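What the sequence shown shows, in the working numbering, is residues 8 to 337, in sequence order. Take a look at the structure set out below.
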Amino acid sequence: KNFTVTSFSAMVVYLGAVIAGVAIAGYGDNDVVTAMVGMIVAFIVNVILLSAAWGPLFQPRPTLHVLEPGKSIWTAGFVEIGNTMSHIVKNQRALRWFYLAIAWSDSAIQALATVAITYMTDKLQFTGQENGVAILCMLLGSVPGGFVSNKVTTRTDPFRSSIAALCLLITVTLLVGAFLSGPEQQNETYLLAFFWGVGTGWKWTCDRLVASSIIPPGRDAEMMGFFLFSGQVLSWIPPLVFTAMNEAGVSQQISVATLAVYFCLSLLSYLLAGKYETARQEVNKDSAFASASVVALPKHGIQLKPSSGADTTAAAAVATLASQTKPSEI
């Protein structure tokens, strides 16, 4: 929750500052100037923060993997990823369907801003400043979405909470396609954009909770890599479909409503993943595979050993914490 609220709050401050600054300077209706100012501010902020994050704040960590003699460092990672993927497909039903759910939902969420701006500009005749306000409303909604996620997850579980967030996103997307049909609908657009943001903040908070609680302990970095990959692998599909439908002369109201299809596919994947309690049990049963990060696995082509006794103790502590932590405490 804290990560989601902080990240979206920072986006709100950035976008609000850019819109306000450009408006005060008298260029509020100039899309090119607004874009230039936004890129310049983003560049300066990223240079400062990334330099600090990847410089003095980037702490060293002990070596966890020891390359087996005769093996190549160029292929060892690919071999290990292949073995992990095969294991997930064969032995971890919940994790398999969770990654697929992330692929579908994130592809639609990431397309929201692009598709929405195109729709608001062409169909609703919004100016650049009005588009910025709509996106700002979406980001504002993401902040309370993080708190809603925390409340619902505490009373139910992360899977049910994610399904509820997807139901909200499906409803709002269909309402946008059904009721936003022309100019002079700024207030309705801002309201629906806000609830789009609530669903987004809610969903992304649940995603990170699930990703950290149903993965084999000791393989955190590798599994988070799969999680991030899942969120990007299908991101090209919704914009492509929207563009193709637009070029074919299909109503943009129908085109924007098709985003709900991806949310529905994500919801179906969550249902096929089973119960959250069962997913946690799969993690506990999979302790042999989880311990692969700290013991030798000759057949995998690399040896995964702890660099010291402290790493073995740390791995055991992570496994214990993962099995005992409640969703509301993560």
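By construction, the Cβ of each residue, glycine as well, lies at the ideal position given by its N, Cα and C atoms. It should be emphasised that the depicted structure is a prediction, and the values quoted were computed from it without experimental measurement.
Over the uninterrupted alpha helix (DSSP H) stretch that includes residue i, give me the two end residues.
i: residue 345; result: The displayed coordinates of the chain run from 8 to 337. Any statement about residue 345 would go beyond what the structure contains.
i: residue 179; result: 165-186
i: residue 242; result: From DSSP, residue 242 is part of no alpha helix (DSSP H); its letter is neither H nor E.
i: residue 112; result: 100-129
i: residue 38; result: 38-60
i: residue 195; result: 193-220
i: residue 255; result: From DSSP, residue 255 is part of no alpha helix (DSSP H); its letter is neither H nor E.
i: residue 275; result: 266-280
What distance in whole Å lies between the Cβ atoms of residue j and residue i, which are believed to be in contact at a cut-off of 8 Å?
i: residue 262; j: residue 253; result: 6 Å
i: residue 204; j: residue 148; result: 3 Å
i: residue 6; j: residue 207; result: Any answer about residue 6 is impossible in this case: the structure gives the chain only from 8 up to 337.
i: residue 273; j: residue 112; result: 4 Å
i: residue 213; j: residue 276; result: Not really, about 14 Å apart at Cβ, beyond 8 Å.
i: residue 21; j: residue 166; result: Contact doesn't hold; Cβ gap of about 33 Å is too wide.
i: residue 234; j: residue 218; result: 5 Å
i: residue 245; j: residue 114; result: 5 Å
i: residue 141; j: residue 200; result: 5 Å
i: residue 108; j: residue 280; result: 7 Å
i: residue 290; j: residue 223; result: 6 Å
i: residue 259; j: residue 126; result: 5 Å
By Cβ distance, which residues of its chain are closer than 8 Å to residue i, with the 5 residues on each side in sequence left out?
i: residue 25; result: 41, 44, 45, 48 and 139
i: residue 23; result: 143
i: residue 309; result: Residue placement at residue 309 is poorly supported in this model, since its pLDDT is 34, which falls under 50; the coordinates still yield a value, given next. Hits under 8 Å: 72, 73, 74, 75, 78, 83, 86 and 87.
i: residue 80; result: 74
i: residue 52; result: 21
Which same chain residues end up closer than 6 Å to residue i when comparing Cβ atoms and leaving out the 5 residues on each side of it in sequence?
i: residue 240; result: 110
i: residue 267; result: 177, 180 and 181
i: residue 18; result: 146
i: residue 89; result: none
i: residue 12; result: 150 and 153
i: residue 256; result: none
i: residue 92; result: none
Once you ignore the five residues that flank residue i on each side, which residues in its own chain have a CB closer than 7 Å to its CB?
i: residue 35; result: 29 and 136
i: residue 271; result: 177
i: residue 61; result: none
i: residue 95; result: 102 and 103
i: residue 237; result: 106, 109 and 110
i: residue 328; result: At residue 328 the pLDDT is 37, less than 50, meaning the model places this residue with poor confidence; the figure from the coordinates comes in the next sentence. Hits under 7 Å: none found.
i: residue 316; result: Because residue 316 sits at a pLDDT of 38, beneath the cut-off of 50, its placement in the model cannot be relied upon, and the following sentence gives the value as read from the coordinates. So no residue of the chain qualifies.
i: residue 197; result: 140, 141 and 144
Does the region 166-176 touch the region 225-245, meaning 3 or more C-beta pairs lie closer than 8 Å? no
Three or more C-beta pairs under 8 Å: does that hold for the region 152-163 against the region 95-111? no
Can we say the region 128-136 touches the region 28-41, given the rule of at least three CB pairs closer than 8 Å? yes
Within the chosen definition, does the region 187-197 reach the region 123-130 through at least 3 CB pairs nearer than 8 Å? yes
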